[in-house]
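Trainee:
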Amino acid sequence: MAARCDICGKGPLFGNNVSHAHNITKRRWNPNLQRVRAIINGAHKRARVCTACIRTGRVIKSH
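Everything in the sequence shown is counted per the numbering used here, starting at 1 for the first residue and increasing by one.
#1: Just the C-alpha distance for residue 29 and residue 63, rounded to the nearest angstrom, thanks.
#2: Contact between the segment 11-21 and the segment 36-56 is defined here as three or more beta-carbon pairs at a separation below 8 Å; is this criterion met?
#3: What's the gap between the Cα of residue 3 and the Cα of residue 33?
#4: With DSSP run on the structure shown, which of helix, strand or coil describes residue 24?
#5: Verify whether the separation of the beta carbon atoms of residue 58 and residue 8 is less than 8 Å.
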């Protein structure tokens with residue numbers, strides 16, 4: 001499953017692991033996604049949303 005926020009579209013960032021011996025391997029930083037029941041376009045839907053969107057209020061949680 002793609003690590004992408006349903007609201008803002010934030011996705012993974014890529015970079016390198018660098019060891020003490022300077023061995024380099026690829027790595028990725030995934031966004032902190034949470035499964036949330038939210039009100040999207042007036043309907044209650046389950047969405048995968050990053051915590052930044054939850055904190056800033058871009059997502060209205062439904063109970």
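Cβ coordinates follow ideal geometry from the N, Cα and C atoms, glycine included.
Mentor: On the basis of the coordinates in this document:
#1: Indexing the sequence shown from 1 puts residue 29 at position 29. Indexing the sequence shown from 1 puts residue 63 at position 63. Their backbone Cα atoms lie some 30 Å apart in a straight line.
#2: no
#3: If you number the sequence shown from 1, residue 3 lands on position 3. If you number the sequence shown from 1, residue 33 lands on position 33. For residue 3 and residue 33, the distance between alpha carbons rounds to 8 Å.
#4: The count along the sequence shown starts at 1 and reaches residue 24 at position 24. Residue 24 falls in the strand class under three-state DSSP.
#5: Stepping through the sequence shown from its first residue, residue 58 is reached at position 58. Stepping through the sequence shown from its first residue, residue 8 is reached at position 8. In contact: residue 58 and residue 8 (Cβ atoms closer than 8 Å).
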